[in-house]
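Novice:
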Amino acid sequence: MIRFLKARLAGILCLSAGLLTCTPALTQAADQKVYKFSIQTAVPNASLYFKLLEQFSKQVDLMSGGRLKVEVLAAGAVVGPFEILDAVSNDVVKAGYVWPNYFSGKNSAFVLFSNAPASTGLDQSSMVAWYYKGGGEQLYKELLEDVMHYNVKAFLMQPMGPDPLGWFKKPIKDVEEFKSFKYRSPPGIPGETYQAMGIAAVGVPGGDIVPSAQRGVIDAAEWIGPADDRNLGLQKIWKYYYLQGLHQQTDIGQIFINGDFWKSLPADLQEIIRIAAKANIADTLDANIYDNSVALHEFMDKEGVKVLDTPPDYYTRFIEEEKKVTAKYAADNPFFKKVLDSQSGFAQMVFPYRSRILTLYDSMVKTANEQRQ
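Mapping of the sequence shown onto mature numbering (1 follows the signal peptide of the UniProt record, and there is no 0): residues -29 to -1, 1 to 344, in sequence order.
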């Protein structure tokens, strides 16, 4: 009876002092469990985006009070980039970072969750808004779980686009001149679109771009953006650089987490990952502006690179041909069509607002720069 009364008294004291300070020992032990996982990336450790993933790792560690430990692995450490999704689903690695267009061979709809076609009218910010507000997240879950039967949880992380049109051995004044170049392009819809435009587009892995250029296999190429292009050394090969490209005007890297591991995490740690992933979007947008701007100044001031505007006829021709390419994919794959229609509908809905805001920013930036001169 005395022990019972002591227990009741302790319970009353707990309530009066606050539940957080009187958590039972068993719950406290469970709360202090440390969860560890590695992210197998598709980028080298010199990449700007690898460093942003390391920032994500530090953030979840700090926010979880050390209960969530994340190791970031450079490309190829455990599995290759094209094996990441299967490796995560099969628990070979607990998590992976990659662009889903790498898995377009499994289902063509994957590309739409990283590289929305320019012909939809989605820019990068609108793409993220479509994902979180326009039903994109639910469609991605449907693709991964119901259509493809993967055991993963996905998070958009790094909107790194738009990718430049790229580096050229000499200037081009229009698409007709572009046709004379052998051009390194991403595979899939971008490469097919360029080929439909009459451009000799070839798929060359990132690590092979510089050697291929040195051997004369290609005489123009795109990669990711000024900061990563600098790390690859493309400014040492060619001196003409076009920043405005449409083949990946949205380019969003993301992490996949093994579904069973995800479900094993306490709710607060799951929420920490969600918040850190969204924070990484903001960190990436900041880095895109700063790091790419610094790299571009280095190109112009120290490397003799000429930064040129993409020929006007490129935009019309690219979107015309891309619409034909995506129409074929939509005819062959009902789920591709479902996602494409969703993206196009969202872009049409936000157009009256978004187009005017973009015009405002464009006019503001140009006018302010003119008055500084």
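We treat Cβ as the ideally placed atom computed from N, Cα and C, and that holds for glycine.
Keep in mind the model is a prediction, meaning the values are calculated, not measured.
1) Across which residues does DSSP place residue 138 in a beta bridge pair?
2) Ignoring anything shorter than 4 residues or poking outside the region 11 to 77, list the alpha helix (DSSP H) runs there in chain order.
3) Output the distance between the C-alpha atoms of residue 123 and residue 105, rounded to the nearest integer angstrom.
4) Which residues in the same chain have their Cβ closer than 6 Å to the Cβ of residue 140, if we skip the five residues on either side of it in sequence?
5) Between residue 241 and residue 233, is the Cβ-Cβ spacing less than 8 Å?
6) Locate the alpha helix (DSSP H) running through residue 155, then write down its first and last residues.
7) Give the C-beta separation of residue 259 and residue 216 to the nearest angstrom, bearing in mind that I take them to be a contact with Cβ-Cβ under 8 Å.
8) Could you tell me the boundaries of the alpha helix (DSSP H) in which residue 149 lies?
9) Put residue 224 into one of helix, strand or coil per three-state DSSP.
10) Looking only at its own chain, which residues have a Cβ that is under 7 Å from the Cβ of residue 35, when we skip the five neighbours before and after it?
11) Residues in the same chain with beta-carbon distance under 7 Å from residue 282, minus the five sequence neighbours each way, listed in chain order, please.
12) With DSSP as the reference, please indicate the residues paired to residue 171 in a beta bridge.
13) When DSSP labels each residue in this structure, what does residue 89 get in the three-state scheme?
14) Could you tell me the boundaries of the beta strand (DSSP E) in which residue 128 lies?
15) In terms of DSSP beta bridges, what is residue 277 paired with?
16) Could you give the DSSP three-state label for residue 229: helix, strand or coil?
17) With a 10 Å radius around its C-beta and 16 neighbouring C-beta atoms as the bar for buried, classify residue 330 as buried or exposed.
18) Thinking C-beta only, is residue 87 closer than 8 Å to residue 289?
19) May I ask you to report which of helix, strand or coil DSSP gives residue 7?
20) Where does residue 110 sit, in a helix, a strand or coil, going by DSSP?
21) Between 76, 212, 78 and 57, which has its C-alpha nearest residue 270's C-alpha?
22) Please state if the CB of residue 5 and the CB of residue 37 are separated by a distance shorter than 8 Å.
23) Alpha carbon to alpha carbon, how far is residue -8 from residue 237?
24) Would you mind working out which of 135, 127 and 176 sits nearest residue 361, comparing C-alpha positions?
25) Where residue 311 and residue 344 are concerned, what is the direct C-alpha to C-alpha distance, given to the nearest angstrom?
26) With a threshold of 16 other CB atoms inside 10 Å of the CB of residue 54, please say whether the residue is buried or exposed.
27) By how many angstroms is the C-alpha of residue 57 removed from the C-alpha of residue 81?
28) Please state if the CB of residue 224 and the CB of residue 131 are separated by a distance shorter than 8 Å.
29) Residue range of the alpha helix (DSSP H) that residue 185 falls in?
30) Find the nearest neighbour of residue 100 within the set 166, 336 and 322, judged by alpha-carbon distance.
31) At what residues does the alpha helix (DSSP H) containing residue 296 begin and finish?
32) Assuming residue 180 contacts residue 155 (C-beta within less than 8 Å), just tell me the rounded distance between them.
33) Using a Cβ-Cβ cut-off of 6 Å (strictly less than) and excluding sequence neighbours within five positions of residue 171, which residues of its own chain qualify?
34) Does the distance from the CB of residue 72 to the CB of residue 178 come in under 8 Å?
35) Whole angstroms are fine: how far does the CA of residue 267 sit from the CA of residue 92?
36) Taking the alpha helix (DSSP H) that residue 356 falls in, what are its first and last residues?
Specialist: So, from the data block:
1) 192 and 212
2) 19 to 34 and 55 to 60
3) 22 Å
4) 190 and 209
5) yes
6) Not the alpha helix (DSSP H): residue 155 falls in the beta strand (DSSP E), residues 153 to 155.
7) Not quite, the Cβ-Cβ distance comes to about 15 Å (not below 8 Å), so this is no contact.
8) 146 to 149
9) strand
10) 240 and 243
11) 143, 144, 145 and 146
12) 153
13) helix
14) 123 to 130
15) 211
16) strand
17) exposed
18) no
19) strand
20) helix
21) 212
22) yes
23) Bear in mind that the predicted position of residue -8 carries a pLDDT of just 42, short of 50, making it unreliable; the figure below should be weighed with that in mind. Going by the C-alpha atoms only, they are around 20 Å apart.
24) The structure shown does not extend to residue 361, since the chain is modelled only from -29 through 344, so no value can be given for it.
25) 43 Å
26) buried
27) 14 Å
28) yes
29) 180 to 185
30) 322
31) 284 to 303
32) 6 Å
33) 153
34) no
35) 27 Å
36) In the structure as shown, the chain begins at -29 and stops at 344. Residue 356 is therefore absent and cannot be evaluated.
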